[in-house]
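Novice: Pasting a structure here, questions to come.
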Amino acid sequence: MKDYLYEMNENYSIIKQIRLSVIISFGLLALDALDMPSKIIAKYGCPVFSLISIGIIILIGLTIIEYGFIDMLRIGVINSLDNIIFVKLCSILIYIIMIRFMGELYLYKLIVLGVLLFLILIAAPIRIFKFNAAKRQSEEYKPNITDLKDLYEDNIKEFGERPIILDERDVEYDLLNRDMIINHLYDAIVSTNLNGSFVISLGGRWGSGKTTIIRNVKRMILEENEDVVIIDEFDPWIYSDEDALLQNMFNIIISKSGFKYSHLLTKKIAEDLSELILGTNRSSLIRAIFFENSIAKIKSKINNYLKMSEKKFVFFIDNIDRAEKENVILLFKLVGNILDFDRITYVLSFDDKRVKEIFERDLEIDSEYLKKIINLQIRIPEIDKAILSNIYGTTLKRILTIYGENKENLRDYNNFIDFICERRLDLRDFKRFINSAVNFSFKTNHYLYYKDLLIMEYIKLFNFSLYMTIFDNRQYFISHDRITDHLVYSESFNTDKFNSDGKLFYEKLFEEQENQYYKGILGEIFPYIDKYNKNQDLVYNGIVILKDSERIKISKNRQICSAKYFDLYFTATSNVYAEIGILVENFIEVINDELTLENKEKLFKEILSSTYYSYHNEIIEGIQLYIDEIKQDKCYDLAKILFKNIDYVDNSLSFAFMSSKERVSIIIHTLLNRISNYEYKDFLDSIKTDYRSLNFIQDILYWFINDKENINKDGRMELLKDTVKEMATDILNNSIDLYEDVNYMPSNIWGLYHAYNEELDKLKSYISRIINEKNIFRFLNDLISTSVGTKYRYYIKKDNLELFISQDKINTILSKIETKTDDEKFVLDVYRAFDEGVKDMWGEPGISVNQEKKLVL
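Taking our numbering, the leading residue of the sequence shown gets 187, the next gets one more, and so forth.
This is the structure in structure tokens:
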């Protein structure tokens, strides 16, 4: 209740409300004393009185609807309804007391007043309840607006998931060590004994801290000088015309000086000044005749008053350079000639470069004119780079840490911080950079590399032309995964031409002075520019194949120089590559977790099934990128999952790319070298009767044999060789049919061949025993080779066929059967092309098709 009444008094003075209530009460009492209701009834009768009463009630109802009093009842803040309730309550109580004292409190009055009082006593608690609820909510509200100083000094509150927004309003503190300038301006104001007016200019470029300096000076004056009157309510930016500016500037001086002129007289003097200076036509002829004499007398009186007041007056005028150009010259005229009252010091703050442009370019006035007006010129020096570096470095690293950036990664931002300091980014622009670029980079779910996105957001904010140039010329900025962007990939075929064109492009790009500053920082995120800065070729075209040490980092971080993610840095969207990257990261976390193997395997299957099959290779490649992050005791879990679910991994052919299954075999080989001897033995025991996986096991063995690092821990390669040999021997000796459903996997026969290629007679004898009309198409499919170019070409090599069986025997089997499916027919067509020696126009054997065949046999 106390808070409610306090807010009521703040918005609607309680004294005024009580005064109004008294007036209303005495008005009602006067009507009652005159017995107006009775006279109306006596003269016009009850129907007319009732009609008037109904009309009054209708008017009241319409007023309630028109002014939204029902909505006001629900609003938590104090409003007009609270004022009405309070006034009505006081009026009724006062009226009841008066008529009770006069003995006029009759029953009908008591009923009417009681009903009104009842309605008010219902509305009042509702309003108090709504006010208290709104007040509690406002107290619980936690703003995420903070100050740069608090962030710099690590006094920031915890904002949870909300972004940290820096307040961009002008402040009184000084982080830039401008004490010398502040003290110089302060001394110039308080130490100068004026005879007339005195004009000080504070010049500096936009954002150099002029307003902060002025605020500090004003604070010092208020704390230490009671005899100095500050005038700072005038902002030239808000006035659109000269007349309004002149009148308001004069009125402020008069009101602050304490000179006792009536408002009307002050307005008349301001209008007369406007007519004299601007040529407006407000004054009458009589006023015009006496104008000069009256203004001189008024100015003399004001000067005498200012001299006798024993005070100094300081008129601060900031943001002059933002005013309309006509107002700029008017301000200097007023300060220098018209409003040059005694004992007034004018402090004019502006960007002197901008004001000079206004004078000479826009108004065609010699800027030397300013020297006649300004008595003391103070120029704000450039900000110390070391101070900026300390503020920006400390603040930026602190907010990045709050946003979850690993402290070990903060060193990666040092060059970027140096770049910001070299650009002499002022504090206001730095705050904008935090509020926009930093918050967008770290508080949106983009899944991109923070550092790259932060740099690009900076460029977008301060050099949008360069930002769009990068986007429109991607071929000179994308250095990795180029094959996923056909345009970029095709332009890099001719390396000599690409290197030449790229260097020429960069030379033209960095010829512009503004772009020149960005060479180094762009080299941080674009390897091509880094090579250009080092005078190297953009694309290596030598014979020796060089290992790209940055490829894994670029892929894992989803950096801008990758064709897979380049567009995302400009479009603020996502794509399949980014989404797969997140899926893989989550999967690696699950693998390293303490979940059961079944749950881990279930997630792997879900990832494969939810992703279009053509992107399976992207998933497997992503897992390979994170192989070093798998915990030692979780390597066997991943190896078992991959081995057991190899059938779910698509094995589509791809030009210049390793197939998904080949990549899985590499991953399993790496994992098998990391597991314990016990786990390795368990793995060998689990696969030795898994005949359907024979060829895939051979693929794993291939990487043991061809391991460039020769990691053969505890003779594991030999153990795997022995296991494969044992499996092949069991198959041959026991005539285990690799084409039965339980043992079938495409190309499995080649696993048997690699295990027994030195005993071909045994192999041929085995094939002769198992090949029949039921499995002939599976067998022929294993003999089909595929090449990928503009089309997919399927063909059979005679040498491959003769390793296993004679052509006559195949023809004999085929003569007894007919194809049942389109896939069987395709296999038969490929075999017929081989059997009949069919070749295309280029002399290539086999059958060519536009799309890869996914055969089910």
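Just so it is clear, CB atoms sit at the ideal spot from N, CA and C, and this is done for glycine as well.
Could you tell me if His666 is buried or exposed, where buried requires 16 or more neighbouring beta carbons within 10 angstroms of its beta carbon?
Specialist: Mapped onto the sequence shown, residue 666 falls at position 480. Its Cβ being crowded by 16 or more others within 10 Å, His666 is buried.
Novice: Suppose you measure from the CA of Leu237 to the CA of Asn269; what does that come to, to the nearest Å?
Specialist: Position 51 of the sequence shown, counted from the start, is the residue given in the question as residue 237. Position 83 of the sequence shown, counted from the start, is the residue given in the question as residue 269. Answer to the nearest angstrom: the Cα atoms are 29 Å apart.
Novice: So, does the region 370 to 385 touch the region 514 to 534, judging by three or more C-beta pairs under 8 Å?
Specialist: Touching, per the Cβ criterion.
Novice: Check each candidate in Lys683, Asn719 and Ile832 and name the one with the smallest Cα separation from Glu693.
Specialist: Position 507 of the sequence shown holds residue 693. Comparing Cα positions, the closest option is Asn719.
Novice: So, with DSSP's three-state summary, where would you put Ile350?
Specialist: Counting from 1 along the sequence shown, the entry for residue 350 is found at position 164. Coil, per DSSP.
Novice: Would you mind stating whether Leu302 and Ile282 have Cβ atoms separated by less than 8 Å?
Specialist: Along the sequence shown, read from residue 1 onward, the residue named residue 302 stands at position 116. Along the sequence shown, read from residue 1 onward, the residue named residue 282 stands at position 96. No, Cβ-Cβ distance for Leu302 and Ile282 is not below 8 Å.
Novice: Closest by CA to Glu1048, which one among Leu549, Ile488 and Asn505?
Specialist: This structure leaves residue 1048 out entirely; the chain is present only between 187 and 1043.
Novice: What residue ranges within the region 961 to 1024 form continuous beta strand (DSSP E) runs of no fewer than 3 residues, ordered along the chain?
Specialist: Correct list: 970 to 974 and 978 to 982.
Novice: Given this structure, state the Cα-to-Cα distance separating Ser748 from Asp682, to the nearest angstrom.
Specialist: On the sequence shown, position 562 is the one that residue 748 refers to. On the sequence shown, position 496 is the one that residue 682 refers to. Roughly 21 Å between the two C-alpha positions.
Novice: For my contact list, Phe878 and Met913 are in at a C-beta cut-off of 8 Å; report their separation, rounded to the angstrom.
Specialist: Taking the sequence shown and counting its residues from 1, one reaches residue 878 at position 692. Taking the sequence shown and counting its residues from 1, one reaches residue 913 at position 727. Reading off the sequence shown, one finds Arg at residue 878, where the question assumed Phe. Wrong, their Cβ atoms sit about 11 Å apart, outside the cutoff.
Novice: Less than 8 Å between the beta carbons of Phe869 and Leu858, yes or no?
Specialist: Here residue 869 refers to the residue found at position 683 of the sequence shown. Here residue 858 refers to the residue found at position 672 of the sequence shown. In contact: Phe869 and Leu858 (Cβ atoms closer than 8 Å).
Novice: Identify, in the order they occur along the chain, each residue of the same chain with its Cβ nearer than 6 Å to the Cβ of Tyr751, setting aside the five sequence neighbours on each side.
Specialist: Within the sequence shown, residue 751 is the residue found at index 565, counting from 1. Excluding positions up to five away in sequence, the list reads Arg744.
Novice: Between Ile809 and Ile853, how many whole angstroms is the CB-CB distance? I'm expecting something under 8 Å.
Specialist: The count along the sequence shown starts at 1 and reaches residue 809 at position 623. The count along the sequence shown starts at 1 and reaches residue 853 at position 667. About 6 Å; that satisfies the 8 Å criterion.
Novice: What did DSSP end up calling Tyr175 once you bin it into helix, strand or coil?
Specialist: Nothing about residue 175 can be read from this structure; the chain reaches only from 187 to 1043.
Novice: Any idea if Asn479 is buried or exposed, counting beta-carbon neighbours within 10 angstroms, 16 or more meaning buried?
Specialist: The residue labelled residue 479 in the question sits at position 293 within the sequence shown. Legend: pLDDT at Asn479 = 45, less than 50; position of this residue unreliable, no value from coordinates given.
Novice: Measure the Cβ-Cβ separation of Tyr633 and Ala764 and say whether it is below 8 Å.
Specialist: Taking the first residue of the sequence shown as position 1, residue 633 is located at position 447. Taking the first residue of the sequence shown as position 1, residue 764 is located at position 578. Their beta carbons are under 8 Å apart, which means Tyr633 touches Ala764 by this criterion.
Novice: Mind checking who Lys637 pairs with in its DSSP beta bridge?
Specialist: What you label residue 637 is simply residue 451 of the sequence shown in a count that begins at 1. DSSP lists no partner for Lys637.
Novice: Terminal residues of the continuous alpha helix (DSSP H) containing Tyr532?
Specialist: Translated into the one-based positions of the sequence shown, residue 532 becomes position 346. Counting along the chain, Tyr532 falls outside any alpha helix (DSSP H), though it belongs to the beta strand (DSSP E) covering Ile530 to Phe536.
Novice: Please name the residue, chosen from Trp423, Asn437 and Tyr599, that lies closest to Val514 on a Cα-to-Cα basis.
Specialist: Within the sequence shown, residue 514 is the residue found at index 328, counting from 1. Among Trp423, Asn437 and Tyr599, the Cα nearest to that of Val514 is on Trp423.
Novice: Within 10 angstroms of the Cβ of Gly289, are there 16 or more other Cβ atoms? Answer buried if so, exposed if not.
Specialist: Along the sequence shown, one-based indexing puts residue 289 at 103. Label assigned to Gly289: exposed.
Novice: Give me the Cβ distance between Val850 and Leu887, rounded to the nearest whole Å; I'm assuming they're in contact under 8 Å.
Specialist: As a working mapping, residue 850 is identified with position 664 in the sequence shown. As a working mapping, residue 887 is identified with position 701 in the sequence shown. Incorrect: roughly 14 Å between the Cβ atoms, too far for contact.
Novice: Provide the residue span of the beta strand (DSSP E) that contains Gly389, from first to last.
Specialist: Locating residue 389 in the sequence shown gives position 203, counting from the first residue. That run of the beta strand (DSSP E) goes Phe384 to Gly389.
Novice: Would you mind reading off the limits of the beta strand (DSSP E) that contains Leu562?
Specialist: In the sequence shown, counting from the first residue as 1, residue 562 sits at position 376. That run of the beta strand (DSSP E) goes Leu562 to Arg565.
Novice: Can Ser651 be considered in contact with the ligand ZN, in the sense that its beta carbon sits closer than 7 Å to one or more heavy atoms?
Specialist: Ligands in the displayed structure: none, and consequently the ligand ZN is not present.
Novice: Please confirm whether Arg540 and Asp507 have their CB atoms less than 8 Å apart.
Specialist: Here residue 540 corresponds to residue number 354 of the sequence shown, with the count starting at 1. Here residue 507 corresponds to residue number 321 of the sequence shown, with the count starting at 1. Yes. Within cutoff.
Novice: Quick check: what's the CA-CA separation for His672 versus Thr581?
Specialist: The residue you call residue 672 lines up with position 486 of the sequence shown. The residue you call residue 581 lines up with position 395 of the sequence shown. So the two alpha carbons sit approximately 42 Å from each other.
Novice: According to the neighbour-count rule (16 or more other Cβ atoms, all chains shown, within 10 Å of its Cβ), is Val730 buried or exposed?
Specialist: The residue labelled residue 730 in the question sits at position 544 within the sequence shown. Since pLDDT at Val730 reaches only 47, below the 50 mark, its modelled position is unreliable, and the value read off the structure follows with that caveat. So Val730 ends up on the exposed side.
Novice: Are Leu839 and Glu594 closer than 8 Å when you measure CB to CB?
Specialist: For this step, residue 839 is matched to residue 653 along the sequence shown. For this step, residue 594 is matched to residue 408 along the sequence shown. No. Outside cutoff.
Novice: Indicate whether the contact test is met: 3 or more Cβ pairs, each with one atom in the region 997 to 1012 and one in the region 797 to 811, closer than 8 Å.
Specialist: They do not touch, by the three-pair rule.
Novice: Look at the Cβ atom of Phe420, then the Cβ atom of Asn402, and state whether they are nearer than 8 Å.
Specialist: For the purposes of this step, residue 420 is identified with residue 234 of the sequence shown, where counting begins at 1. For the purposes of this step, residue 402 is identified with residue 216 of the sequence shown, where counting begins at 1. No, these two residues do not count as a Cβ contact at 8 Å.
Novice: Relative to the C-alpha of Ile350, which candidate in Leu279, Ser627, Ile264 and Ile438 has its C-alpha closest?
Specialist: As a first step, residue 350 must be located in the sequence shown, where it is residue number 164. Per the Cα distances, Ser627.
Novice: Just the Cα atoms here: how many angstroms apart are Ile488 and Arg260?
Specialist: Taking the first residue of the sequence shown as position 1, residue 488 is located at position 302. Taking the first residue of the sequence shown as position 1, residue 260 is located at position 74. Between Ile488 and Arg260, the C-alpha separation is close to 53 Å.
Novice: Mapping the DSSP letters down to three states, classify Thr1126 as helix, strand or coil.
Specialist: Nothing in the structure corresponds to residue 1126, since the chain is present only between 187 and 1043.
Novice: Residues in its own chain within less than 6 Å of Arg473 by CB, not counting five upstream and five downstream?
Specialist: The residue labelled residue 473 in the question sits at position 287 within the sequence shown. At Arg473, the pLDDT of 48 sits below 50, so the modelled position is not reliable and the matter cannot be decided from this model.
Novice: Which residue wins for smallest C-alpha separation from Asn576, given the options Ser324, Lys558 and Glu608?
Specialist: In the sequence shown, residue 576 corresponds to position 390, counting from 1. Ranking Ser324, Lys558 and Glu608 by Cα distance to Asn576 puts Glu608 first.
Novice: What does the alpha-carbon distance come out to for the pair Leu307 and Ile240?
Specialist: Here residue 307 refers to the residue found at position 121 when the sequence shown is read from its first residue. Here residue 240 refers to the residue found at position 54 when the sequence shown is read from its first residue. About 24 Å.
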